[in-house]
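A.B. asks: Under my numbering, the very last position in the sequence shown is 310; numbers go up by exactly one each time. We put the beta carbon where it would ideally sit given N, CA and C, even for glycine.
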Amino acid sequence: MAKNPKLNAGQSAQLFAQLYRLESAGLPAVQAFDALLAVNGPLQKPLMALNRQLKSGRPIADAGFRAGLFDGTQRALIDAAEASGQLAHVYQQLAQYYASRDSRLKKIKSRLFLPAAMLVMAFFVQPIPALVAQDITPADYLGLSLGRLITLFLSLLLLVKLPAILQSLGLLSVWHRLQLRIPSVAKWLIRRQINEFFRLLGMMLESGLAFSEALPKAVAAIPNRCLRNRFKPALAAAGSGQSVCDVLNLTGLINPGLLNIVHNSEHSGKLGTGVLHFSNLEAENINLNDEALAQWLPRMAYAAVAFWMAYSILTSRIGTVIPDTL
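1. Which word fits R36, buried or exposed, when buried means at least 16 other C-beta atoms lie within 10 angstroms of its C-beta?
2. Output needed for L156: all residues of its chain with C-beta closer than 8 Å, excluding positions within five of it in sequence on either side, in chain order.
3. Do S263 and V74 have their C-beta atoms closer together than 7 Å?
4. Which of the three DSSP states is assigned to D55 in this structure?
5. So, under 8 Å CB-CB, P282 and L142 are touching, yes? Tell me the CB distance rounded to an integer number of Å.
6. What is the DSSP secondary structure of V305, counted as helix, strand or coil?
7. In angstroms, rounded to a whole number, what distance separates the CA positions of D86 and A(-7)?
8. L98 lies in the alpha helix (DSSP H); which residues open and close that run?
9. Is the separation between the beta-carbon of A221 and that of L234 shorter than 7 Å?
10. Compute the Euclidean distance between the alpha carbons of A72 and L61, then round it to the nearest angstrom.
11. Nearest to A229 by CA position, among A218, L31, L243, P217, is which residue?
12. Please report how far the alpha carbon of G186 lies from the alpha carbon of M102, in whole angstroms.
13. Restricting to Cα atoms, I'd like to know which of L211, S249, D119, L272 is closest to H261.
14. Quick check: the segment 100 to 119 against the segment 7 to 26, are there 3 or more CB pairs under 8 Å?
15. Using three-state DSSP, classify T235 as helix, strand or coil.
16. Within 10 Å of its beta-carbon, does F54 have 16 or more other beta-carbons around it, so buried, or fewer, so exposed?
17. The alpha helix (DSSP H) spanning K201 covers which residue range?
18. Given this structure, state the Cα-to-Cα distance separating S(-4) from E180, to the nearest angstrom.
19. At 4 residues or longer, what runs of the alpha helix (DSSP H) sit wholly inside the segment 215 to 284?
20. When we look at the beta-carbon of H160 and count the other beta-carbons within 10 Å, is it buried (16 or more) or exposed?
21. If you reduce the DSSP assignment to three classes, tell me which class K(-10) lands in.
Given below as structure tokens:
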């Protein structure tokens, strides 16, 4: 039975970069994964499971999926690449993708560290004047500082875990519908998930999969279920003999400019290359937007914390200046 992959972006980038180097060197799969055991301590257990699967005769894609190293999309990509002899190329593309993703995530986290530290300090500093003036007890101080911090942490944790909680309750579709009903969130989400769809589709086509086989696999990788449902007409028409451009147009999600690129790429016999080229260009634009967001988020956090602290200090001073008789 397949296990849920637990690799983060950094681990995936490292794994596929190592696989790319070993595959380029011409090492057989069993020897390549044996070599990885020596340099991937945290992944020892799944790598050993993968090696056992390989030695029992399973292909790389299936063995990695069963061991929990590959997800369903990676499995489809590697399976197609193995069949077409393009494993090194696919490993390289996956390594570059996850390395870029890991870099962006680390950059955002590092830029948010100082604002987060300021916020934690603010929770403890803000009630100090009231404590010094003996307006609150030490227990009240802990409630206003540590209590607020714990409440904020639990709220953020709940927000992060909300999709998993809703999925366990069978209510994930409610979350997906809500995402698409908020205009700004919907625009942000659709652009990224559709581009990710085209990236996977292009990689599968370049790996040798036919469009009718690649389309369902790329659609299945779209996280938002409501967005996936928009592809049902396209999935039904994928094997009907219609052009790729006409099939994708049935979703109502693809802009005319991209459809034109698909049309030209299909007629030139380079559909996978054209789709992947567009996806890479769009990913660069998305990365620029994410970079701008990463720059502004800390500034907004600094401003919010500074305003809150200034407001708290001013209101506490006003309270001490105004006589009780007024």
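C.D. replies: Taking the definition as stated:
1. Exposed: under 16 other Cβ atoms inside 10 Å.
2. For L156, where only same-chain residues beyond five positions count, the Cβ hits under 8 Å are P147, L150, R209.
3. No, these two residues do not count as a Cβ contact at 7 Å.
4. DSSP, reduced to helix, strand and coil, places D55 outside both helices and strands of the structure shown, so it counts as coil.
5. In this structure P282 is not in contact with L142, their Cβ atoms being roughly 23 Å apart against a cut-off of 8 Å.
6. Low per-residue confidence applies at V305: pLDDT is 44, beneath 50, and the placement is therefore not dependable, though the value from the model is reported in the following sentence. Here V305 sits in helix by DSSP.
7. Going by the C-alpha atoms only, they are around 5 Å apart.
8. Run containing L98: 71 to 109, per the alpha helix (DSSP H) assignment.
9. Yes, Cβ-Cβ distance for A221 and L234 is below 7 Å.
10. One C-alpha to the other measures close to 12 Å.
11. In the sequence as displayed, the identity of residue 229 is Cys instead of Ala. With distances taken between Cα atoms, C229 lies closest to L243.
12. Per the coordinates, the alpha-carbon of G186 lies some 44 Å from the alpha-carbon of M102.
13. Cα-wise, what sits closest to H261 is S249.
14. As far as the Cβ criterion goes, the segment 100 to 119 does not touch the segment 7 to 26, which means the pair count is below three.
15. When secondary structure is reduced to three states using DSSP, T235 falls in the coil class, being assigned neither helix nor strand.
16. By the neighbour-count rule (16 or more Cβ atoms within 10 Å), F54 is buried.
17. Residues 195 to 204.
18. Cα to Cα, S(-4) sits roughly 17 Å from E180.
19. If we require 4 residues or more, the alpha helix (DSSP H) runs fully inside the segment 215 to 284 come out as 216 to 221, 228 to 233, 240 to 251.
20. That one is buried.
21. For K(-10), the secondary structure class from DSSP, reduced to helix, strand or coil, is coil.
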